[in-house]
Structure formats: C-alpha cells, structure tokens
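In the numbering used here, the protein residues as written are 6 to 348.
Beta carbons: idealized from backbone N, C-alpha and C, even for Gly.
These numbers come from a predicted model, not from an experiment.
Before any comments, here is the structure.
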Amino acid sequence: MADNLEIGDVVHAMSLPAAMIGPDARIFAYNAGFACIFGDGFMGRHFITVLRQPDLIDKIETVFAGGAPMNATLMTRISGQDASFDVHAAKTGDLVIVSLVDRTDAEQMEKMRTDFIANVSHELRTPLTALSGFIETLRGAARHDPTAQDRFLRIMETEAGRMTRLVDELMTLSKLEGTQRQRPTDQVDIGEVVRLVQNTLGPIADAAGVAVDVDLPPAPVVVLGDAAQLQQVFTNLVENAIKYGGSGKRVEITVGPHTMQPRLRTQGTAITIQDFGDGIAAHHIARLTERFYRVDSHRSREVGGTGLGLAIVKHILNRHRGRLKFESNVRQGTTAVVTLPQK
C-alpha cells in the first residue's frame, strides 16, 4: 500500500492531466488537471463511470489484461466548449496510468486553416468565373459589339481589382502575423493620423453624400505606434462607416485625451468612429473581426469589400496592445471604439 501511495504522489506531480486506476478498476489517484476535465469527487469509483467513451474504455481494459500501452482520442465538453484530448494508457505493476494531452487548440487551428483555404478559394473563384465568362463572350457574341465590349471590360476591370485587393489584404495579414509580437516604438500623434484619414477618404465621402466630422482635444494625443498601420486601422473603420452607415449622411470621429482606460488597465486614449445608418443586429457583433465574415455578403461585394478589413484592424491593434469594441442598434447606427495605450 505504501508503494501505491508513493506512485499516487507521482501522479499529483505530473504536469499532464493524469489518473491512476487500481487493480480493482477503480480510480486510485488523480491530479488537479484531470479534475479540471472530469470534475472532482470520484475517488474510488469505477473508471467506466468517469471515462464514458466506449473506445477508450475498451483500450484501458485491454491494457489491464496485459496489453501494450495504447492511445485513444477523447472528445468531451469543458465549460460548454468542445474539447479534444489524446489519451495514453500504460500499465505499471498492477496499476494503469491514464494521461491526457490537450489537442483542442491544435484542432481549432487546423479547422481555421481549412476554413481559411476554403474561403480564399471561394472568394477567388467568383471573380475568376466571371472573367472567364466575359472572355468567352468577348470572343464570341460580343466580338463585333463595341458597346457590349466596353461594358464587359469595365466589369472585368472591377473583378480584377477585387482580386488584387483580396491578394493585397492576404499579404497584409501574413505580414502582420509575422510582426504581431514586435511592439511599435515610434511616437505617433493620433490626431494627425485621423486628419490624414479624413482627407484621404474625402472623395469617397463626398461621392456618398456623407459628411465626416473630426473632434480632437486641444493638446496632441501621442501614442507608441506604427503610423502607417494606425492609418490603415482608421481608414478601414471610417470607410466601413461611410459605405455601410452612409444612410445616416454623417460620420463622427472623436479622439479622447489620455485618461485611465479600464479595458487596458493603463493610461491611453479612446477613439470613436460613429455612423448614424442602419446599424448591425446584435448577433453579428461578436463575429465582425472574423476573416471573410460579412453582415451582408451581397452588399459587401457590391462596394468592393473583401471580408478581411476588420481582421486586419484586429491584428494591427493586437500588435499595438489596443482594443476594438463595436456598439450598434438597428436603425440607430454603429460605433466602433478603438482604445490605444499611451506607452
């Protein structure tokens, strides 16, 4: 019994979630990691009542019968979320030690990679199909029709431009992922960045009949940052406000002074971009920064959206240790709040 107690102490010292099953097939010892997965209070219970997956139970019984160490996969739920573990069972003396390796993050990353490839393929296939169709038409029915040729060429130019933007934004995301842990060190005046964005987007706002107003504090608001990347953040957010909230006919950009920012737990500034358009339903808010997620796919494509703009914003703000929050009510407009630390 003393030897078993010493082995039980080893289980408690293991970094992996682990449990020990005694010769009577009952749980003899388990550590805190194991309890986090399966709960607590099952000491002395038959292992079948804890590890309820038939394939895993069969393999543990095979190990008990003198078989070689075996591996299995366990699917479960923790705090309402799906979780996946690689399980290893091995016999030592008359005991079986079961240890688990969390595969949840790895599987989620693989799913994200698969979804990303599928989304990119879909986004490229649509304009490529259109281009192929127009090329075929120009070679055939429209060969001697200058009016049709001009119309089709304009559409082809638009589709080619959309593919170019998509590839450019994919390249931007790739670069951001490579530099996300490199904190910017330049002094950047947020007011200057916002004014530059206002001027740059002036023609788009004028064409849409939208007034873009900027409210800056009296003193410069300086943060550590990358000026070009921060310009991209506010360009994306303001352009979205113009394109999707343009029915309200105005966009207001407000730069706050440096104050204590609870979301950052340090001094920083909050910049709000508010439109007065149609607003966004609540169930869309949490997903706005997902790659290729669109509230209105048809409208987004009509205005040239790639579905990557807000994902780029999120990555840039992560690099700057900033935060992004959306607030919206249907038919009352949308507000994007960017919070940046002072240093």
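What's the call for P132, buried or exposed, on a 16-neighbour Cβ count within 10 Å?
As a first step, residue 132 must be located in the sequence shown, where it is residue number 127. By the 10 Å Cβ count, P132 comes out buried.
Residue ranges of each beta strand (DSSP E) run of no fewer than 3 residues wholly in the region 38-97, ordered along the chain?
75-83, 86-97
Kindly indicate the opening and closing residues of the alpha helix (DSSP H) around N36.
Indexing the sequence shown from 1 puts residue 36 at position 31. N36 -> no alpha helix (DSSP H), and no H or E assigned at all.
Mind checking A34: buried by the 16 CB within 10 Å criterion, or exposed?
The residue labelled residue 34 in the question sits at position 29 within the sequence shown. A34 comes out buried.
For S137, the first and last residue of its enclosing alpha helix (DSSP H)
Here residue 137 refers to the residue found at position 132 when the sequence shown is read from its first residue. Taken as a continuous stretch (DSSP letters only), the alpha helix (DSSP H) holding S137 covers 109-144.
Nearest candidate by alpha-carbon position, reference T344, set N241, I32, A153, R326:
Numbered from its first residue, the sequence shown carries residue 344 at position 339. Per the Cα distances, R326.
Using DSSP with H/G/I as helix, E/B as strand and the rest coil, what is T344?
Along the sequence shown, one-based indexing puts residue 344 at 339. Strand, per DSSP.
Classify N334 as buried or exposed, calling it buried when 16 or more other Cβ atoms lie within 10 Å of its own Cβ.
The residue given as residue 334 occupies position 329 in the sequence shown. N334 should be labelled exposed.
Reducing DSSP to helix, strand and coil, say where R170 ends up.
Here residue 170 refers to the residue found at position 165 when the sequence shown is read from its first residue. In the structure shown, R170 sits in a helix (DSSP, three-state: H, G or I).
If you follow the beta strand (DSSP E) that F281 is in, where does it begin and where does it stop?
To locate residue 281, count along the sequence shown from 1; it is residue 276. Looking at the DSSP string, F281 is not in any beta strand (DSSP E), and its letter there is neither H nor E.
Considering only DSSP beta bridges, list what F239 is partnered with.
Position 234 of the sequence shown holds residue 239. Paired residue(s): none; F239 is not in a bridge.
State yes or no: is the C-beta of I278 within less than 7 Å of the C-beta of A212?
Working through the sequence shown from its first residue, we reach residue 278 at position 273. Working through the sequence shown from its first residue, we reach residue 212 at position 207. It is not a contact, given that the beta carbons lie outside the stated cut-off.
Pick out whichever of R82, A291, I321, I32 has its Cα sitting closest to the Cα of T54.
For the purposes of this step, residue 54 is taken as the residue at position 49 of the sequence shown. The option with the nearest alpha carbon to T54 is I32.
Taking only three categories from DSSP, how would you classify Q337?
Reading the sequence shown from its first residue, position 332 is the one you call residue 337. Coil, per DSSP.
Hey, quick one: how far does the beta strand (DSSP E) through A221 stretch, first residue to last?
The residue labelled residue 221 in the question sits at position 216 within the sequence shown. In the sequence as displayed, the identity of residue 221 is Leu instead of Ala. Note, L221: premise wrong, no beta strand (DSSP E); not H, not E.
On a CA-only basis, which of F52, S20, K96, I42 is nearest A30? Give me that one, please.
As a working mapping, residue 30 is identified with position 25 in the sequence shown. Closest by alpha carbon: F52.
I need the straight-line Cα distance from L293 to N245, nearest angstrom please.
As a first step, residue 293 is located in the sequence shown; it is residue number 288 there, counting from the start. As a first step, residue 245 is located in the sequence shown; it is residue number 240 there, counting from the start. Each residue's Cα considered, the two are about 12 Å apart.
Please report the distance separating the alpha-carbon of F90 from that of A24.
Start at 1 with the first residue of the sequence shown, and residue 90 comes out as number 85. Start at 1 with the first residue of the sequence shown, and residue 24 comes out as number 19. Taking the straight line from one Cα to the other gives about 14 Å.
With a cut-off of 7 Å, does the C-beta of D150 fall near any C-beta of chain C?
Absent here is chain C; the protein component of the structure consists of one chain.
Do you know how far the Cα of A111 is from the Cα of H93?
The count along the sequence shown starts at 1 and reaches residue 93 at position 88. The count along the sequence shown starts at 1 and reaches residue 111 at position 106. Approximately 18 Å between the Cα atoms of the pair.
With DSSP run on the structure shown, which of helix, strand or coil describes Q185?
For the purposes of this step, residue 185 is taken as residue 180 along the sequence shown, with counting starting at 1. Note: Q185 maps to coil in three-state DSSP.
Report the residue from V238, D191, A216 whose alpha carbon sits nearest the alpha carbon of F281.
The residue given as residue 281 occupies position 276 in the sequence shown. Measuring from the Cα of F281, the nearest candidate turns out to be A216.
Does the distance from the CB of F203 to the CB of N323 come in under 7 Å?
Stepping through the sequence shown from its first residue, residue 203 is reached at position 198. Stepping through the sequence shown from its first residue, residue 323 is reached at position 318. The amino acid occupying residue 203 in the given sequence is Gln; Phe does not appear at that position. No, these two residues do not count as a Cβ contact at 7 Å.
Just list the residues that DSSP pairs R328 with in beta bridges.
For this step, residue 328 is matched to residue 323 along the sequence shown. Per DSSP, T344.
Relative to the alpha-carbon of I26, which residue among L56, A18, S252, C41 has its alpha-carbon at the smallest distance?
Position 21 of the sequence shown holds residue 26. Answer by Cα proximity: L56.
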